[in-house]
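Be aware that the sequence shown starts at 0, since it is given in numbering that gives the first Met the number 0, and climbs by one per residue.
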Amino acid sequence: MPDASTAQGLAEEECQGLKEGSIIQFERFGFVRIDSESPFMAYYTHR
(Lines of atoms letter the chains of each structure in order from A and count residues from 1; the text may use other names and numbers.)
(Lines give C-alpha, C1' and ligand atoms only; values in the text may rest on other atoms or scores of the structure.)
Protein backbone atom coordinates (compact mmCIF):
# COMPACT_ATOMS: atom_id res chain seq x y z
CA MET A 1 0.00 0.00 0.00
CA PRO A 2 1.25 3.57 -0.60
CA ASP A 3 1.37 4.26 3.14
CA ALA A 4 3.22 0.97 3.94
CA SER A 5 0.12 -0.58 5.52
CA THR A 6 -0.91 -4.18 4.87
CA ALA A 7 -4.23 -5.72 3.90
CA GLN A 8 -5.47 -9.30 3.92
CA GLY A 9 -8.20 -10.73 1.77
CA LEU A 10 -9.53 -13.67 -0.18
CA ALA A 11 -8.77 -14.53 -3.79
CA GLU A 12 -10.34 -16.88 -6.31
CA GLU A 13 -8.85 -20.36 -6.77
CA GLU A 14 -7.49 -19.35 -10.20
CA CYS A 15 -4.88 -17.21 -8.43
CA GLN A 16 -3.10 -20.39 -7.30
CA GLY A 17 -1.80 -20.98 -10.83
CA LEU A 18 -0.26 -17.54 -11.27
CA LYS A 19 3.53 -17.24 -11.58
CA GLU A 20 5.72 -15.00 -9.44
CA GLY A 21 6.12 -11.58 -11.06
CA SER A 22 2.70 -11.65 -12.74
CA ILE A 23 0.73 -8.42 -12.51
CA ILE A 24 -3.02 -8.75 -12.10
CA GLN A 25 -5.95 -6.56 -11.10
CA PHE A 26 -7.94 -7.23 -7.96
CA GLU A 27 -11.41 -5.79 -8.53
CA ARG A 28 -12.18 -2.69 -6.46
CA PHE A 29 -8.63 -2.71 -5.06
CA GLY A 30 -6.05 -2.08 -7.77
CA PHE A 31 -3.14 -3.76 -9.49
CA VAL A 32 -0.87 -6.16 -7.62
CA ARG A 33 2.33 -8.07 -8.42
CA ILE A 34 2.52 -11.70 -7.32
CA ASP A 35 5.49 -12.06 -4.96
CA SER A 36 5.13 -15.69 -3.85
CA GLU A 37 2.91 -18.60 -4.76
CA SER A 38 2.94 -20.39 -1.41
CA PRO A 39 1.75 -18.72 0.66
CA PHE A 40 0.03 -16.55 -1.93
CA MET A 41 1.36 -13.02 -1.46
CA ALA A 42 0.91 -9.98 -3.68
CA TYR A 43 2.22 -6.41 -3.50
CA TYR A 44 0.12 -3.36 -4.35
CA THR A 45 1.54 -1.69 -7.48
CA HIS A 46 -1.23 0.75 -8.42
CA ARG A 47 -0.60 4.46 -7.91
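C-beta atoms are modelled at their ideal positions from N, C-alpha and C, and glycine is treated no differently.
Predicted model only: the values in this text are computed from it and were never measured.
Burial state of residue i, where buried means 16 or more other Cβ atoms lie within 10 Å
i	result
A41	buried
Of the listed residues the options, nearest to residue i (C-alpha basis)
i	options	result
I33	Q24, F25 and G20	G20
R27	G8, D2 and A3	G8
Residues bridged to residue i (per DSSP)
i	result
G29	F25
E36	F39
Within 8 Å, strictly: CB atoms of residue i and residue j
i	j	result
F30	C14	no
Residue i: first and last residue of the uninterrupted beta strand (DSSP E) it sits in
i	result
M40	F39 to Y43
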